[in-house]
Each structure stands twice: as structure tokens, then as C-alpha cells.
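Visitor: Before anything else, here's the structure in question.
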Amino acid sequence: MKVQRSEAGEIKKLLNTNDAYTVGVRLYLVYLVALGHSSRKLSELHNISFKQITNWVHRFEKEGIEGLKDKKGRGRRSALSDEQLARIKVLVLKEAPRDHGFQTERWTGPLLAQWIKKEYGLEYQKAQIYNLLEKVGIAFEKKAGLINKV
Numbered sequence: 842m843k844v845q846r847s848e849a850g851e852i853k854k855l856l857n858t859n860d861a862y863t864v865g866v867r868l869y870l871v872y873l874v875a876l877g878h879s880s881r882k883l884s885e886l887h888n889i890s891f892k893q894i895t896n897w898v899h900r901f902e903k904e905g906i907e908g909l910k911d912k913k914g915r916g917r918r919s920a921l922s923d924e925q926l927a928r929i930k931v932l933v934l935k936e937a938p939r940d941h942g943f944q945t946e947r948w949t950g951p952l953l954a955q956w957i958k959k960e961y962g963l964e965y966q967k968a969q970i971y972n973l974l975e976k977v978g979i980a981f982e983k984k985a986g987l988i989n990k991v
């Protein structure tokens, strides 16, 4: 049988966007360990590192279900400095894309990604741009463009 609607990677991204599902999968793996299944065997079957499974077991032991939730502030640090982030905020709020050689009046996520690549040599995906904007206090509205809302 084949899935034609989406590729496996796209489906995995969808799974990772649902926090309840993510916690459920982690809890299920902890449950399987509690039943006596080897965390190494589970890591092979579910394509998750053995260390990650043992971390979830330890976090569950310590904190219960809360230990299986992703915590804020985790993950990779921004490649952009605080000064660069401040510059991006000023750019979006006070400067027009036309001032920087673009043929449009409003900043969009993809357009800002182009500017960041040109200015700082860093590549950002569309979703990362919106996270970056939220970090500097700017929310995106499709109809209005980028505006200061957060």
C-alpha cells in the first residue's frame, strides 16, 4: 500500500505540530518500557534514539505527564544576535521593502527571509521567520501584512 497524498516527512511534520499527540506517543513509549520492552529495540522500531526514550522515561518518573511535554526555551539558539533582531524589528515596522530593492510595499515572511539571507547570510524557512518575528514582538496578519501586535 502507498500513501500518495503526502510524503512521509510531511506526515511526520504534521504529527510534530500536535502537542497532545506528541505527549501521547512519548507516554506510549514509556508504557512499553514499563511493560518490559527494551528501549533499544523500541528505538529501532520507532526510529527514535535510545537516549531520547530513556530521557522520557526518567522525566516521566520525575515529573509525571508534565515531564513529557516540550519545555519553552529549549532548542537551538538564534543565529542572529540581539542587535540583528532589533534591526529586523525596526526594518519591518519602519522601513518599506522598496527601500531595499524589492518591488512591493509590505514585508512578508518569504521577503524578509530573502533580506536576512542577503544581509546576514543566514537562511530561514517561512515558519522560522514567523517564529523570529514573534520573538521580537511582531505578529503577522495575512490581510494587513506584518504588524506590531505581540
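In this text, residue positions in the sequence shown follow the working numbering: the first is 842, and each later residue adds one. The beta carbon of each residue, even a glycine, is placed where N, CA and C say it ideally should be.
(1) Which word fits R867, buried or exposed, when buried means at least 16 other C-beta atoms lie within 10 angstroms of its C-beta?
(2) Can you have a look at P938 and say buried or exposed, based on whether 16 or more other CB atoms are within 10 angstroms of its CB?
(3) In or out: S880 buried (at least 16 other Cβ within 10 Å) or exposed?
(4) Beta-carbon separation of I894 and V874 under 8 Å?
(5) Relative to the alpha-carbon of I979, which residue among V871, D940, L932 and I889 has its alpha-carbon at the smallest distance?
(6) Can you grab the Cα-Cα spacing for the pair L883 / L870, in whole Å?
(7) What residues in its chain sit with their C-beta under 7 Å from that of L909, if we drop five residues either side in the sequence?
(8) Using 10 angstroms around the beta-carbon of L886, count the other beta-carbons present and answer buried if the total reaches 16, otherwise exposed.
Guide: Reading it off the structure:
(1) Looking at its Cβ environment, which holds 16 or more other Cβ atoms inside 10 Å, R867 is buried.
(2) Its Cβ being crowded by 16 or more others within 10 Å, P938 is buried.
(3) Label assigned to S880: buried.
(4) Between I894 and V874, the CB-CB gap stays under 8 Å.
(5) I979 has its Cα closest to that of L932, out of V871, D940, L932 and I889.
(6) So the alpha carbons of these two residues sit roughly 8 Å apart.
(7) Counting only residues of its own chain and dropping the five nearest sequence neighbours on each side, L909 has a CB closer than 7 Å to the CB of V864, R867, L868, W897, R900 and F901.
(8) L886 comes out exposed.
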